[in-house]
Amino acid sequence: MKTKEFTFKSEGELDVYCKKWEPDDGPIVAAVQLSHGMAEHIQRYDDFAKVLVEKGFVVYGNDHRGHGKTAGSLEKVGYFADENGWDKVVNDMHTLTNIIKEEYENIPVFLLGHSMGSFLSRSYIERFGEEIDGAILSGTGGNPGIAGSIGLKIAKKEIKEKGRKARSEKLNDLSFGNFNKGFKPNRTEFDWLTRDPQIVDEYIRDQYCGEVFTAGFFYDMLTGIKEMYKKENLDKIPKNLPIFFISGEKDPVGGNTKGVFQAIEAYKKAGIKDISYKFYQNARHEVLNEINKEEVYEDIIAWTQKHMERAKEEA
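Shown next, in the form of structure tokens:
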């Protein structure tokens, strides 16, 4: 296996860090583009990428704005942009798709987004869904509705009082404060991520994980999700785009599957024809880092291979 690190310029503003994993030799069967979650970075997907490479996939991922090596310094973690942050991150993902297609012209491309990355992916498929062959949504959730509206009001107030770059303990608590309650007695404040204590401890030790994010970030994310759920935007998703939802049955982000079912129903209502889902018993938020992660990897590979064949038939 070979890996390569590179950057591209995002809207002339900053360098977006990317990583590529590829097989040493043999045919490349498809590309998987990864979109990571909030308060983490692409290097956390290394184990998963290696398994995909063994099956002949080439894998690409970037650190989103305000995350990992794209943020650079810890002071810049947790902040997207001075304006239109959500759109800029979605456009960065699209730039990476174009890079993949330049390097590999005739292979299917699948997008896998986790958590915040799943919401970004859902915005992506409303804009650029025709350009990929399928989407895998891990650890996604339902429409935040009233809670989202309250969060937006708080974000606006905090931005007015302290500025976009002020870190928001209040919004952090509103977003994640209840997530650990279902896993008492708690060993750490991040028990909700996975049943694997080693992964949780690595996350806590990693300076680029678990930070309190800025009021500007929360405003951008909540605005982006609100827009994503509008009917006129849901209707822009290609009806024939295959979508695979994966979630832990005990994932608080997905409301213990309730929010995921809500998302599935919204997509069915929008006329999307090929929707699959799988929930993993007792699994928590990060199914790719769970104690049954091999099962999850196998399911993703099987689904992708099935739709790879379909993409070739339709080409």
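Using UniProt numbering, the final residue of the sequence shown is 315, and nothing's skipped along the way.
All C-beta atoms, glycine included, are put in the ideal place defined by N, C-alpha and C.
Practice item. To the nearest angstrom, report how far apart Val296 and His114 are at their CA atoms. Key: Approximately 13 Å, taken between the alpha carbons.
Exercise for review: Kindly indicate which residue of Val58, Ser123, Pro144 has the alpha-carbon position closest to the one of Glu105.
Suggested key: For Glu105, the nearest C-alpha among the options comes from Val58.
Review point. Grouping DSSP H, G and I as helix and E and B as strand, with all else coil, what is Ser115?
Key: In the three-state DSSP reduction, Ser115 falls in the coil class, being neither helix nor strand.
Exercise for review: Specify the secondary structure class of Val29 as computed by DSSP and reduced to three states.
Suggested key: Coil, per DSSP.
Review point. What number of angstroms, rounded off, separates the C-alpha of Glu169 from the C-alpha of Lys76?
Key: Distance between the alpha carbons of Glu169 and Lys76 is about 16 Å.
Review point. Mind checking Ala31: buried by the 16 CB within 10 Å criterion, or exposed?
Key: With 16 or more other Cβ atoms within 10 Å, it is buried.
Check your understanding: CB Ser247 to CB Gly142, shorter than 8 Å?
Key -> No.
**Study point:** Proximal residues to residue 351 (C-beta, below 6 Å), its chain only, five neighbours per side dropped
**Key:** The structure shown does not extend to residue 351, since the chain spans only 1 to 315, so no value can be given for it.
Review point. When you compare only the Cα positions, how much space is there between Phe245 and Pro197?
Key: Take the alpha-carbon of Phe245 and the one of Pro197: they are about 25 Å apart.
**Study point:** Span separating the alpha-carbon of Val212 from that of Asp206
**Key:** The alpha-carbon atoms of Val212 and Asp206 are separated by roughly 14 Å.
Check your understanding: Taking the C-alpha atoms as reference points, what is the distance between Leu66 and Glu54?
Key -> What sits at residue 66 in the sequence shown is Gly, not Leu. Computed Cα separation, rounded: 31 Å.
Practice item. Pick helix, strand or coil for Phe48, following the three-state DSSP scheme. Key: Reduced to three states, the DSSP call for Phe48 is helix.
Exercise for review: Return the chain-ordered list of same chain residues with a C-beta closer than 7 Å to the C-beta of Thr214, the five sequence neighbours on each side being excluded.
Suggested key: Taken in chain order, the residues that qualify are Gly78, Tyr79, Arg164, Lys165, Ala166, Arg167, Ser168.
Point to revise | Three-way DSSP call (helix, strand, coil) for Arg195 in this model | key: DSSP places Arg195 in the coil class of the three-state scheme, outside both helix and strand.
Exercise for review: Would you be able to state if there are at least three C-beta pairs under 8 Å between the region 280-287 and the region 185-205?
Suggested key: Taking one beta carbon from each stretch, the region 185-205 and the region 280-287 have 3 or more pairs nearer than 8 Å; the two touch.
Point to revise | Simplified DSSP assignment, three categories, for Ile272 | key: In this structure, Ile272 counts as coil in the three-state DSSP scheme.
Review point. Who are the near neighbours of Ser276 in its chain, counting only those whose CB is closer than 8 Å to its CB and skipping five residues on each side?
Key: In the same chain as Ser276, and ignoring 5 residues on each side of it, the C-beta atoms closer than 8 Å to its own belong to Pro242, Ile243, Phe244, Phe245, Trp303, in chain order.
**Study point:** alpha helix (DSSP H) runs wholly inside the region 228-276, at least 4 long, in chain order
**Key:** Note on the region 228-276: whole alpha helix (DSSP H) runs with a minimum of 4 residues are 231-234, 258-269, in chain order.
Check your understanding: Would you call Pro27 buried or exposed, if buried means 16 or more other Cβ atoms sit within 10 Å of its Cβ?
Key -> Classification of Pro27: exposed, given that the 10 Å Cβ count is below 16.
**Study point:** Range covered by the alpha helix (DSSP H) that runs through Asp87
**Key:** Unbroken alpha helix (DSSP H) run through Asp87: 85-103.
Check your understanding: Quick one: Cα of Thr3 to Cα of Pro23, how far?
Key -> In this structure, the straight-line span from the alpha carbon of Thr3 to that of Pro23 is close to 9 Å.
Review point. Is the CB-CB distance between Phe6 and Thr95 below 8 Å?
Key: Remark: C-beta atoms of Phe6 and Thr95 do not approach each other more closely than 8 Å.
Review point. Under a Cβ-count criterion, where at least 16 other Cβ atoms within 10 Å of its own Cβ denotes burial, should Met1 be classed as buried or exposed?
Key: Label assigned to Met1: exposed.
**Study point:** Whole-angstrom distance between Glu314 and Tyr45, CA atom to CA atom
**Key:** Computed Cα separation, rounded: 30 Å.
Check your understanding: Could you give the residue range of the alpha helix (DSSP H) that holds Thr70?
Key -> Per DSSP, the continuous alpha helix (DSSP H) segment holding Thr70 begins and ends at 68-71.
Exercise for review: List the DSSP bridge partners of Arg167.
Suggested key: Note: Arg167 sits in a beta bridge opposite Thr214.
Practice item. Go ahead and pull the three-state DSSP assignment for Gly134. Key: Under the three-state reduction of DSSP, Gly134 is assigned to strand.
Review point. Should Ala147 go down as buried or exposed, given a rule of 16 or more other Cβ atoms within 10 Å for buried?
Key: Residue burial is scored here from C-beta neighbours: Ala147 has fewer than 16 other C-beta atoms within 10 angstroms and is therefore classed as exposed.
Point to revise | Top-ranked residue by Cα proximity to Gly129, from Ile291, Phe279, Lys239, Glu294 | key: It is Lys239 whose Cα lies nearest to the Cα of Gly129.
**Study point:** Where the alpha helix (DSSP H) through Glu158 begins and ends
**Key:** Run containing Glu158: 145-162, per the alpha helix (DSSP H) assignment.
Exercise for review: Check whether the Cβ of Gly66 lies closer than 8 Å to any Cβ atom in chain C.
Suggested key: Structure shown: chain C not included; a single protein chain is present.
Review point. By a C-beta neighbour count over all protein chains shown, 10 Å radius and 16 as the cutoff for buried, is Gln281 buried or exposed?
Key: Answer is exposed; the Cβ neighbour count stays below 16.
**Study point:** Test item: CB-CB of Ile136 and Leu112 under 8 Å
**Key:** Yes. Within cutoff.
Practice item. Pull up the distance between the alpha-carbon of Ile225 and that of Ser123, whole angstroms please. Key: A straight-line Cα-Cα distance of about 8 Å links Ile225 and Ser123.
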